[in-house]
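Those sequence lines, one after another, are chains A and B.
The first sequence begins at 1 in UniProt numbering and counts up one residue at a time.
The second sequence begins at 1 in UniProt numbering and counts up one residue at a time.
All C-beta atoms in this analysis are idealised placements derived from N, C-alpha and C, irrespective of residue type, glycine included.
Worksheet: the structure to be examined is printed underneath.
Protein chains: 2
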Amino acid sequence: MTEALARSPQIDHQRATFPDGLALDSGAVIAPLSVAYRSYGKLNAQRSNAILVCHALTGDQYVAEPHPITGKPGWWEAVVGPGKPVDTDRFFVICANVLGGCMGSSGPAEPMPQAAPTPGASRPYGTDFPSITIRDMVRAQKLLVDHLGIPRLLAVVGGSMGGMQVLEWAATYPEMVVAAAPIACAAYHSAQNIAFHEVGRAAIHGDPDWVGGRYWEDGRIPAKGLSVARMVAHITYLSEAALGRKFGRRLRGASALTFLEDVFEVESYLRHQGSTFVTRFDANSYLTITRAMDYFDMASEHGGDLPAAFRGTSTRFLVASFSSDWLFPTEESRALVRALNAAAANTSFVEIATDKGHDAFLLDEPVFHRALGGFLRGAAERVGV
Amino acid sequence: MTEALARSPQIDHQRATFPDGLALDSGAVIAPLSVAYRSYGKLNAQRSNAILVCHALTGDQYVAEPHPITGKPGWWEAVVGPGKPVDTDRFFVICANVLGGCMGSSGPAEPMPQAAPTPGASRPYGTDFPSITIRDMVRAQKLLVDHLGIPRLLAVVGGSMGGMQVLEWAATYPEMVVAAAPIACAAYHSAQNIAFHEVGRAAIHGDPDWVGGRYWEDGRIPAKGLSVARMVAHITYLSEAALGRKFGRRLRGASALTFLEDVFEVESYLRHQGSTFVTRFDANSYLTITRAMDYFDMASEHGGDLPAAFRGTSTRFLVASFSSDWLFPTEESRALVRALNAAAANTSFVEIATDKGHDAFLLDEPVFHRALGGFLRGAAERVGV
């Protein structure tokens, strides 16, 4: 394997490349495989203080530093950093761009390998990128962790789709995971969540600039469709109370009866969310990753028996949910906790009272931060870190 | 005024036409004004047994008979008919297509009056149709009720946007409304609901076949955008439990790993909802009516004082909500009830326990049907019908 700062569109991402590639759940093989990643803190001499952070649908590896495209702070700076719950003074923190993503890991936006490479003839995978699962994402991360010479992760931590990856890590490589914190997630994607994803996909498919997925051919992007997909998803990340508190029915102009577009502040906010998203995210990546989330159903991967995914595990779990999260309601975390209990796993559960909705896992939630910080310190003490 | 079976696209609708038109909240005037409607049952000699049913966003006047485009049963046959809660053996039931609708009432799809009419040069209003409010819809219905020679309505009844009209009827023409049943609604449209509407509008605006609203010029329709709008709205009409029970994660093919489009049944259901909707609904109508719902805020119409809208009323109210309705949560109905109580209005309130979501008001809900039927019989006895 080779490691280099390789060029992906616009930015150099730090990444590891695996020429032998990865065999996927679908039977397809991605070769070579690239895994882009960032790390923070120092790996100790025993290589025992590594924490893997898994990102959500539209996140990436830039957890605790400015984003190279938007210039905004890293997406989890509230949680990851010196003295933070995921303490980079004490832990070596890794985050990889997911397989299928668009920030340097193998995905629809990356160049497709050619049987007989011709200079200048390279083109992205686009819709020829195979369908992937959450477990495929985790297998790619496993290659990276091995490559970094880390025999066992002190913890795997993530929210939303990141939490799905945490669960797959614990189920697939239990001996490698001392502690696992699946946050604001569930052991399967619900019909309602699949339905919201399908709205976003229909919007992208319906955009003529998607060009059947080959928009890269003449430099177009399906900006309108991708923007609508982001808008609807964004609503599901917030609670009704959060939207009401943030915007209520506040008008942008003097009177509703001016009857212009963007009458209400909440509308211009949403449009802004949509239009900025398209500058940093690839539409085919969005299609690929939403589909991977929809496939996610750990019970069905284990013959319909969710506890079987975790039976005999020595991993410690912290399951965390947020009371106003209607995308991954607390009830789904409780079902996960029941399955972990049925598997006799060492499990803590905390429901954080908040009206901020699903996005709360990214925000300033001191009770959550204390719970996560305490859980990770406990895991560290257990293994003498 | 004249009344005729006038031709609108495809179908003859029964309608009343008012040459003097209607002055709108925006200051614009629609003239002539057409109000398409249907009626069921017989008006009694005292003209005292009339019940006005108000329809929701995508409903129409075909309440209790097959729909002239889809051939499906009327949208409220569970509630309106012989021996039903709104009993057509006893009551004269009227339903008008809302102002701004696309089933024969004045709206974006109807021909725009011309200063100097040229034969063959007629074109629809399209986006030249003025912006309207829920109160404008009610004023148009008032013209129809006067035209039919009905001095006072025994009741005004409706769910969702229909419930908003019920509230405006009671506030604007209190002397004409013996009983009012606002169902599955609220006294204002929330930030979350505005946000979902804006997603639908963005999808329509982004469809190149919308052509800036002039799609009628060459016979196109923005089918993809309108379909996406319907898909996202449809999710909000159902509860997570209803979607889970109806579809769960059931696959359409043998295995998710076939990785085709429409992998899950819920996706093909939603796509079907979207694609059939575009055969019966006009995109500019959808834009106009969703905007009218977003403007709806009865408190702000009364100086921020919601009880002021109803103070001194002798109308009896039945407010009904459904426990799993997250589009118009019970809490918003309770806020309405508190305002009615503060106005000393005669008010009953019932929350129906159901897991069917917002759509429950259209479905087989015996407890709701008994409450509504009893309320209407009580009102009828009160005025000697």
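Apply the 10 Å Cβ neighbour rule to residue 136 (chain A) and answer buried if 16 or more other Cβ atoms are within range, or exposed otherwise.
buried
For residue 61 (chain A) versus residue 115 (chain A), is the C-beta distance shorter than 8 Å?
no
Less than 8 Å between the CB atoms is what I'm expecting for residue 360 (chain B) and residue 322 (chain B), so what's the real figure, rounded?
4 Å
Listed by chain order, chain B residues near residue 247 (chain A) by CB distance under 8 Å:
191
Considering only C-alpha positions, which residue in the set A:377, A:237, A:25 is nearest to residue 195 (chain B)?
A:237
Confirm, please, whether the CB-CB distance from residue 333 (chain A) to residue 357 (chain A) is below 8 Å.
Contact flag unset, no.
If we cut at 8 Å on Cβ distances, does residue 164 (chain B) have a partner in chain A?
no
Going along chain A in order, which residues have a C-beta closer than 8 Å to the C-beta of residue 365 (chain B)?
Within 8 Å Cβ-Cβ: nothing; residue 365 (chain B) doesn't reach chain A, min ~21 Å.
Sorted by chain position, which residues of the same chain lie with C-beta nearer than 7 Å to residue 274 (chain A)'s C-beta, five sequence neighbours on each side aside?
227, 228, 230, 231
Using only the alpha-carbon positions, how far apart do residue 112 (chain B) and residue 130 (chain B) sit?
11 Å
Cβ distance (whole Å) where residue 56 (chain B) is taken to contact residue 80 (chain B) below 8 Å:
Not really, about 14 Å apart at Cβ, beyond 8 Å.
Which stretch, first to last residue, makes up the beta strand (DSSP E) that contains residue 89 (chain B)?
Element bounds for residue 89 (chain B): n/a, residue is neither H nor E.
From B:371, B:320, B:36, pick the residue whose C-alpha is nearest to that of residue 184 (chain B); which is it?
Of the listed residues, the one whose Cα sits closest to residue 184 (chain B) is B:320.
Three-state secondary structure (DSSP) at residue 329 (chain B)?
coil
Starting from residue 352 (chain B), trace the alpha helix (DSSP H) in both directions and tell me its first and last residue.
Taken as a continuous stretch (DSSP letters only), residue 352 (chain B) belongs to no alpha helix (DSSP H), being part of the beta strand (DSSP E) at 346-352.
For residue 124 (chain B), which three-state DSSP category applies?
strand
For residue 383 (chain B) and residue 27 (chain B), the rounded distance between their alpha carbons
Answer to the nearest angstrom: the Cα atoms are 38 Å apart.
CA-to-CA distance, residue 341 (chain B) to residue 210 (chain A), given in whole angstroms
54 Å
Taking Cβ to Cβ, would you say residue 248 (chain A) is nearer than 8 Å to residue 191 (chain B)?
The answer is yes: Cβ separation under 8 Å.
Please work out which residues of its chain come closer than 6 Å, Cβ to Cβ, to residue 59 (chain A), disregarding the five sequence neighbours upstream and downstream, and give them in chain order.
For residue 59 (chain A), where only same-chain residues beyond five positions count, the Cβ hits under 6 Å are 75.
Check whether residue 187 (chain A) and residue 180 (chain A) have beta carbons under 8 Å apart:
no
Assuming residue 284 (chain B) and residue 127 (chain B) make a contact with CB atoms under 8 Å, what is their CB distance in whole Å?
Distance from residue 284 (chain B) to residue 127 (chain B) at the Cβ level is roughly 6 Å; contact confirmed, criterion being Cβ atoms closer than 8 Å.
Nearest-angstrom Cα separation, counted from residue 105 (chain A) out to residue 12 (chain A):
12 Å
Sequence-distant residues of its chain with Cβ nearer than 7 Å to residue 149 (chain B) (five each side left out):
Hits under 7 Å: 47.
Let me know the secondary structure DSSP gives residue 290 (chain B) once reduced to three states.
helix
Excluding the 5 residues preceding and the 5 following residue 124 (chain B) in the sequence, name in chain order all residues of the same chain whose CB lies nearer than 7 Å to its CB.
Hits under 7 Å: 108, 109, 110, 111, 112, 216.
Residue 112 (chain B) at chain A interface by Cβ criterion, 8 Å:
Taking Cβ atoms only, chain A never reaches closer than 8 Å to residue 112 (chain B), which makes this a no.
Exposed unless 16 or more other CB atoms sit within 10 angstroms - verdict on residue 304 (chain B)
Label assigned to residue 304 (chain B): exposed.
Any chance you could list the alpha helix (DSSP H) runs of at least 4 consecutive residues sitting entirely within the stretch 229-286 of chain B, in chain order?
Here the runs fully enclosed are 240-246, 265-277.
I want to verify the contact list: residues of chain B whose CB lies under 7 Å from the CB of residue 194 (chain A), in sequence order.
264, 266, 267
With DSSP as the reference, identify every bridge partner of residue 158 (chain B), one or two as the case may be.
B:54, B:182
Range covered by the alpha helix (DSSP H) that runs through residue 144 (chain A):
134-147
Once you ignore the five residues that flank residue 269 (chain A) on each side, which residues in its own chain have a CB closer than 7 Å to its CB?
247
Residues of chain B with CB under 9 Å from residue 135 (chain A), in chain order?
Within chain B, no residue comes near residue 135 (chain A); the closest Cβ sits about 11 Å away, beyond 9 Å.
Taking only beta-carbon atoms, is residue 108 (chain B) less than 8 Å away from chain A?
False, the Cβ-Cβ gap to chain A never drops below 8 Å.
If you count every other CB in all the chains shown that lies within 10 Å of the CB of residue 272 (chain B), and 16 or more means buried, which is it?
exposed
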